[in-house]
Structures are given as C-alpha cells and as structure tokens.
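Enquirer:
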Amino acid sequence: MGFETISIGSLFAITAVLVVIAIEAGYWAGHAVHRHRENEKESAVSTIVSANMALLAFVLAFTFAIVSNLYEARKTLVREDANAIRTAFLRADFLPEPDRGKAAELFAEYVDLRVRMAQGPSPERVRQGLVRSERIHRQLWEMAIAHARTGTNPPIPNLYIPALNEMIRVYALRVDIALETRLPRNIWLVQYTLLVLAMAGFGYQMANAGSRRSWATPCLALSFAVVIALIASLDRPMSGYFTAPQQPMADLQAEMAAVMESRQRRQDEPGLE
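Numbering-wise, the sequence shown is residues 239 to 511 according to our numbering.
1) Does DSSP put glutamine 491 in a helix, in a strand, or in coil?
2) Of all the options Phe440, Pro422, Ala282, Thr325, which has the alpha carbon lying nearest to the alpha carbon of alanine 267?
3) Three or more beta-carbon pairs under 8 Å between the region 348-364 and the region 491-498, yes or no?
4) For the alpha helix (DSSP H) that glycine 441 lies in, which residues bound it at each end?
5) When burial is assigned at 16 or more other CB atoms within 10 Å of the CB, is threonine 301 buried or exposed?
6) Taking just the CA atoms, how far does leucine 417 sit from leucine 293?
7) If you measure between the beta carbons of isoleucine 415 and leucine 344, is that distance less than 8 Å?
8) Among Val497, Met476, Ala320, which residue has its Cα nearest to the Cα of glutamate 362?
9) Methionine 239 to serine 245, Cα distance in whole Å?
10) Out of His272, Gln485, Asn290, Ala270, which one is the CA nearest neighbour of threonine 431?
11) Taking the Cβ atom as the reference point for each residue, do phenylalanine 250 and alanine 467 lie within a distance shorter than 8 Å?
12) Kindly indicate which three-state DSSP category glutamine 357 falls into: helix, strand or coil?
13) Could you tell me whether the region 257-272 touches the region 401-414, where touching means 3 or more Cβ pairs closer than 8 Å?
14) Go through its chain and collect everything with a Cβ distance to glutamine 377's Cβ below 7 Å, but skip five positions before and after it.
15) Can you tell me whether valine 258 is helix, strand or coil according to DSSP?
16) Between proline 395 and serine 360, what straight-line distance do the alpha-carbon atoms span, to the nearest angstrom?
17) With a threshold of 7 Å on Cβ separation, who are the neighbours of leucine 460 within its own chain once the five nearest residues in sequence on each side are excluded?
18) Fully enclosed by the region 306-383, which alpha helix (DSSP H) runs are 4 residues long or longer?
19) Pick out whichever of Phe296, Gln502, Leu308, Gly247 has its Cα sitting closest to the Cα of leucine 411.
20) Assign leucine 427 to one of two classes, buried (16 or more other C-beta atoms within 10 Å of its C-beta) or exposed (fewer than that).
21) Among residues of its own chain, excluding the 5 on either side of leucine 472, which ones have a beta-carbon nearer than 6 Å to its beta-carbon?
22) Along the chain, where does the alpha helix (DSSP H) containing proline 456 start, and where does it finish?
23) If asparagine 391 sits next to phenylalanine 296, beta carbons under 8 Å apart, how far is it from one beta carbon to the other, in whole angstroms?
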C-alpha cells in the first residue's frame with residue numbers, strides 16, 4: 239500500500255498512536271536502563287533529547303515550507319490559467335464563422351470543466367475532466383492550424399496560435415503541480431524516523447528524571463498528528479482540505495457567459511449586427 243493511498247484521517251490517527259507508542263517505549267527503556275545505571279546524568283539525556291527535538295522541528299518546518307510553496311504555486315497557476323484562457327478566447331474572434339462560434343463554445347465548455355474539476359475533486363471526475371480538456375485542446379489546435387495554413391488571415395498565426403499555445407502550456411503546468419508533484423517518500427521517511435526517535439527520547443528522559451507518566455502525553459501526540467495531517471493535506475490537493483481558490487476561473491466563466499449571451503442577442507436581432 240503506497241503512502242498516497244492512506245487517507246488524511248487515517249494518517250492523523252496513525253501518527254497520534256505512533257507518538258504515544260514511541261513515548262511509552264522510551265519510558266520503559268528508560269526505566270530498564272535506570273535500574274542498572276543509576277549514575278546516568280539527567281542533564282546529558284536532556285541535551286540529547288533537546289537536540290533530537292530541534293532536528294525534528296527543523297525537518298517539520300522545512301517540509302511545511304515545501305508544501306506551502308506548492309500550495310501558493312497552485313493558487314498562482316489558477317490566475318495564470320484564467321488569464322491565458324481569457325486571452326485565447328478573445329483572440330478566437332479572428333476566426334471566421336462558423337469556426338468562431340464553435341471555438342467560443344469549446345472555450346466555454348473548457349472553463350466549465352476547470353470549475354467542476356475543482357468542486358469536490360474526485361479521482362474519477364478529474365480523470366474525465368483531463369481527458370475531455372485534452373480533446374478540446376486538439377479540436378482548437380486543429381481548427382487554428384487549418385486556418386493558419388491558408389495564409390489569408392495573419393492574426394491567426396501571429397496572435398491566436400501563440401495565445402492558444404500559452405493556454406495549453408499553463409494547463410500542462412497546472413496538471414504537473416496539482417497531480418504529479420508530491421513530497422518525496424524519503425522526506426516522509428526521515429520525518430517519521432525523527433518523530434519516533436525524538437518521542438522515544440522524550441519518554442526515556444521522563445523515566446530518567448523519575449517522573450510518572452503524564453496526561454499531557456496525548457496532547458503532545460495530537461499536536462504532532464495535527465501538524466503531520468496539515469502537511470499531508472497541503473501536499474494533496476485531491477484531499478479537498480486545501481484546494482486553491484477558483485475565483486479567477488469563476489469570474490472568467492461569468493465573463494464568457496456574458497460575452498456569448500451578447501453575441502447570441504446580436505445574432506437573434508440582425509439590426510444590431
């Protein structure tokens with residue numbers, strides 16, 4: 239079973255239980271060692287545990303910075319995607335009819351797909367949306383190339399095709415960042431290894447100091463579980479917990495609907511054409 243298949247809720251529970259077990263194991267190990275080595279200084283153990291905690295804090299901060307940057311990148315790409323689609327949609331006016339109308343309908347469907355894919359994302363919905371999006375790319379591209387080859391409409395190869403190419407480029411970048419770019423498994427492995435070692439050391443220190451088990455232990459376990467779950471949620475946009483705001487795409491959807499409605503009115507009333 240891959241790490242990606244573990245749900246956020248399960249990851250939270252596993253982390254909390256793992257922390258409690260590590261502390262308990264360290265506590266029992268500390269008791270066992272303390273019975274045979276009563277002269278072990280508490281200050282030395284405390285220094286080692288503090289160093290482990292500092293390393294864990296560093297790795298958690300480093301990991302959070304990575305996933306936070308990915309989240310910001312996804313937000314930025316939504317704006318870039320909306321701007322690229324808007325530019326290509328407007329420049330599609332250079333196409334002659336009836337392809338101009340067909341292109342407008344394809345752009346409208348394309349934006350609708352982008353909005354729906356972000357609303358409660360599910361693997362099947364996203365897969366279907368990606369397949370249809372790429373078909374729309376091919377249809378728009380073939381239409382543009384067919385007119386560019388005639389050489390009778392210079393704005394198409396000079397303006398429309400570059401805009402269409404940019405739209406497809408941003409789409410590919412969004413797919414890569416949102417669906418394929420993830421924290422390497424080695425980072426997760428290091429993170430959990432340090433977590434277990436630090437918590438075991440913490441339990442060992444408690445036993446070495448002659449302290450009894452504390453009811454604060456579950457609070458510590460839940461705190462680390464929350465941080466790990468937060469990192470995993472930011473790393474997985476498909477989880478639905480942290481999706482990039484889609485307002486730029488929703489605004490574009492409304493804008494395109496208004497433009498197409500205006501065009502339809504002009505067609506229905508020849509006097510306005």
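Beta carbons are placed, not taken as given, at the ideal position from N, Cα and C, and that holds for glycine.
Expert: Quick answer:
1) Indexing the sequence shown from 1 puts residue 491 at position 253. Glutamine 491: helix per DSSP, three-state reduction.
2) Along the sequence shown, one-based indexing puts residue 267 at 29. Residue Phe440 is the option with its Cα nearest to alanine 267.
3) yes
4) Start at 1 with the first residue of the sequence shown, and residue 441 comes out as number 203. Its alpha helix (DSSP H) spans residues 423-446.
5) Taking the sequence shown and counting its residues from 1, the one referred to as residue 301 is at position 63. Counting every other CB atom within 10 Å of its CB across the protein chains shown gives threonine 301 a total of 16 or more, marking it as buried.
6) Taking the first residue of the sequence shown as position 1, residue 293 is located at position 55. Taking the first residue of the sequence shown as position 1, residue 417 is located at position 179. Approximately 30 Å between the Cα atoms of the pair.
7) Start at 1 with the first residue of the sequence shown, and residue 415 comes out as number 177. Start at 1 with the first residue of the sequence shown, and residue 344 comes out as number 106. Result no, Cβ atoms of isoleucine 415 and leucine 344 do not sit closer than 8 Å.
8) Reading the sequence shown from its first residue, position 124 is the one you call residue 362. Nearest of Val497, Met476, Ala320 to glutamate 362, Cα basis: Met476.
9) Position 1 of the sequence shown, counting from 1, holds the residue named residue 239. Position 7 of the sequence shown, counting from 1, holds the residue named residue 245. Here methionine 239 scores only 47 on pLDDT, less than 50, and its place in the model is too uncertain to base an answer on.
10) Here residue 431 is taken as the residue at index 193 of the sequence shown, counted from 1. Closest by alpha carbon: Asn290.
11) The residue you call residue 250 lines up with position 12 of the sequence shown. The residue you call residue 467 lines up with position 229 of the sequence shown. By the CB criterion at 8 Å, phenylalanine 250 and alanine 467 fall inside the cutoff.
12) Reading the sequence shown from its first residue, position 119 is the one you call residue 357. Coil.
13) no
14) Along the sequence shown, read from residue 1 onward, the residue named residue 377 stands at position 139. Taken in chain order, the residues that qualify are Leu344.
15) Counting from one through the sequence shown, the residue named residue 258 turns up at place 20. Helix at valine 258.
16) Within the sequence shown, numbered from 1, the residue matching residue 395 stands at position 157. Within the sequence shown, numbered from 1, the residue matching residue 360 stands at position 122. Using only the alpha carbons, I get a separation of about 37 Å.
17) Taking the first residue of the sequence shown as position 1, residue 460 is located at position 222. Excluding positions up to five away in sequence, the list reads Ala254.
18) 337-356
19) What you label residue 411 is simply residue 173 of the sequence shown in a count that begins at 1. The option with the nearest alpha carbon to leucine 411 is Leu308.
20) The residue labelled residue 427 in the question sits at position 189 within the sequence shown. Under this definition leucine 427 is an exposed residue.
21) Mapped onto the sequence shown, residue 472 falls at position 234. So the qualifying residues of the chain are Val305, Tyr309, Phe480.
22) As a first step, residue 456 is located in the sequence shown; it is residue number 218 there, counting from the start. It spans 454-473 - the alpha helix (DSSP H) in which proline 456 sits, taken as one unbroken run.
23) Numbered from its first residue, the sequence shown carries residue 391 at position 153. Numbered from its first residue, the sequence shown carries residue 296 at position 58. Taking C-beta atoms under 8 Å as the contact rule, asparagine 391 and phenylalanine 296 fail to qualify, at a distance of about 59 Å.
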